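Student:
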Amino acid sequence: MEKAYTLMTGVIGRGSEDDPIRVPFPTYVLLDIDPTYQWAIIRTFDWVYEHELTGEEIEVEGTDGKRWRILIPDQKTIAELEAKERERFPHLAQERRLRDVLRRRG
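In terms of our numbering, the sequence shown is residues 12 to 117.
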């Protein structure tokens, strides 16, 4: 059975036609985005990286005041995901480091 994770991630891009703002993940469902503060809340799935994500769950406020429960992956999980990403999604691994985009809003 597929497991879904709600994550907060940074966004990349300048917001221009040549470099649009985007979420640097291979497969996700966009739940909320704030391009001004450069973050997004997404839902992704265990089959994307073929790995279970572990870490701390916290609650954050979205752009419209809605509360979201997000997972902050632990450092071991991030290191394992980065290794898988270099194999499965090398274009993303070259574009940014996963540890730099998986973050808390702060």
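In this text, a Cβ means the ideal position worked out from N, Cα and C, and glycines have one as well.
Fair warning: this is a prediction, and the values are worked out from it, not measured in the lab.
1. So what does DSSP say about GLY117, is it helix, strand or coil?
2. Could you compute how far the alpha carbon of ILE23 sits from the alpha carbon of MET12?
3. Are there 16 or more other CB atoms within 10 angstroms of the CB of VAL40, so buried, or fewer, so exposed?
4. What is the DSSP secondary structure of GLU28, reduced to helix, strand or coil?
5. Between the alpha carbons of ILE81 and GLY66, how many angstroms are there, rounded?
6. Following the continuous beta strand (DSSP E) through PRO101, name the residue where it begins and the one where it ends.
Tutor: So, from the listed chains and residues:
1. Residue placement at GLY117 cannot be trusted, given a pLDDT of 44 that sits under 50; the coordinates are not used to answer.
2. 31 Å
3. exposed
4. coil
5. 10 Å
6. Segment 101-106 is the alpha helix (DSSP H) holding PRO101; no beta strand (DSSP E) there.
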